[in-house]
Each structure stands twice: as C-alpha cells, then as structure tokens.
Amino acid sequence: DAKTTQPTSMDCAEGRAANLPCNHSTISGNEYVYWYRQIHSQGPQYIIHGLKNNETNEMASLIITEDRKSSTLILPHATLRDTAVYYCIVLTTGANSKLTFGKGITLSVRP
Amino acid sequence: EAQVTQNPRYLITVTGKKLTVTCSQNMNHEYMSWYRQDPGLGLRQIYYSMNVEVTDKGDVPEGYKVSRKEKRNFPLILESPSPNQTSLYFCASSLGPAEVYGYTFGSGTRLTVV
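Here the protein sequences come in this chain order: R and G.
The first sequence runs 1 to 111 under the numbering used here.
The second sequence runs 112 to 225 under the numbering used here.
Below, the structure is given as structure tokens:
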C-alpha cells in the first residue's frame, strides 16, 4: 500500500518547468512527503521532502497543499537528464522509517 | 566521495548455492536497509538495521539473512537461493530516521537465479 496516487506518465519540453502531481489523501499529520527518482534501474536518488511548508533546494521545489492531501514536485528547468521515474512517497515514521515505493510517474523530457 | 557501495553489480547463480551481496557505506550512517525491485511491484524492503547488532525484518524477509557486525557494512545473505529471488537489489543508508534524513541508495545488484 503505497498511500500515494500519481499519473502513469507525462512529458515536457527541455528547458520548461516540469510539474509532477501526487495525491496522498490519507496522509497523517506527522507523515512526511518524500520525492525520489530513479534513472533506468540505477539506485533511487533523493530529491526533496517536506511536512507542511513548501520546500526548495538546488534540484527542485515541493509545493504541499494546505490540507496536505496533495503535492506537486516542480523541476524548474527540465533537462534531458531529468528523464526518469519519479516516486512520491509518504514516509512511514517510527523506528523503521521505510520507504514504500509505488509505481511512480515516468517523466520524459523531449528536446 | 560519500557513497553506498554494493558488490557485485551482476550475479548469475544456481538454485541452492549460498551467496552474499555486500553493502558498505562511508558516511558513518546508523540506518541501513535492503530493498528488492521487481517489475510491477516497485521497491520492497527486505531487512533493515538501526545500528550495529540491531536488525529487523522488512516486508519480504523470507529467504534472506542479514548481519550488522560493523557500522559500515550490511551484507545480504541468501542461504539457498531460488528463482523467485531473481531481482534487482538495492542497499540504502541513512544518518538517522529516514523522515528526517532521507536515504542514500547504492547502484544496485542484479541477481539471476537459474
């Protein structure tokens, strides 16, 4: 049970912003939203995470709705190297903070 | 360079022949974990460890063993591999609870059991 719902795939043009949506309507108040990506069977790569507030780092921005039932990952200037499967994860907190990966969304960046 | 190193990257073995996949991290991380990835099933946790000599089962522990004798190493042991253990395996480590620190993953080990 991945606790998140993402579209299967999307594409965007190189240089444009890529907005990847995620629904997590059953998220609990103390659960974080994490985003990872995986490029062609390589190890998943951490992108960003947040609890309530919007977050930004050198890779991306994370916008979380006020009710926390959905979020959007924004890659501000997508490049061809951003083509990957992106996973939105609601982290199970506690002693074993395991990552439960769903199917993710396949982002294709076109030239 | 801070990293999680798995070996081997590729392995083909026969049913029943014991094997070990090694995992080592150079970041002094306390948390380490093993995942397997299968088409249509996503990544599933096999075992995890919160510190030296502290390990516990994840979601799919059957057929696997682990040990954590040193902080940096977390080997995955398949005592009697079977074809249903053919999969892509990832080791991951974290400084502390993943909700705070996130996980760093290794490059993966592709195991085929014939």
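For every residue, glycine included, the Cβ atom is placed at its ideal position computed from N, Cα and C.
Query: Beta-carbon contacts of Asp149 (chain G) that lie in its chain and below 8 Å, excluding the five residues immediately before and after; Result: Arg155, Ser198 and Leu199
Query: Cβ-based neighbour list, Asn54 (chain R), same chain, cut-off 8 Å, excluding 5 preceding and 5 following; Result: Ser61, Leu62, Ile63 and Ile64
Query: Residue range of the beta strand (DSSP E) that includes Ile74 (chain R); Result: Ser70 to Leu75
Query: Asp167 (chain G) in three-state terms, based on DSSP; Result: strand
Query: Ala113 (chain G) at chain R interface by Cβ criterion, 9 Å; Result: no
Query: Cβ contact check for the region 127–140 of chain G and the region 187–196 of chain G: 3 or more pairs under 8 Å; Result: yes
Query: Selected residue, minimal CA-CA separation from Ser71 (chain R), among R:Met59, R:Leu51 and R:Glu58; Result: R:Leu51
Query: Proximal chain G residues relative to Gln42 (chain R), where beta-carbon distance stays under 9 Å; Result: Phe216, Ser218 and Gly219
Query: Beta-carbon gap between Leu80 (chain R) and Tyr34 (chain R) smaller than 9 Å; Result: no
Query: For Tyr212 (chain G) and Glu58 (chain R), the rounded distance between their alpha carbons; Result: 16 Å
Query: Met143 (chain G) beta carbon less than 9 Å from that of Ala113 (chain G); Result: no
Query: 8 Å contact criterion, which Ala84 (chain R) and Arg16 (chain R) should meet: CB distance rounded; Result: Contact flag wrong, Cβ pair sits at about 16 Å.
Query: Any C-beta of chain R under 9 Å from that of Gln111 (chain G); Result: There is simply no residue 111 (chain G) to check, as chain G begins at 112 and stops at 225 in what is shown.
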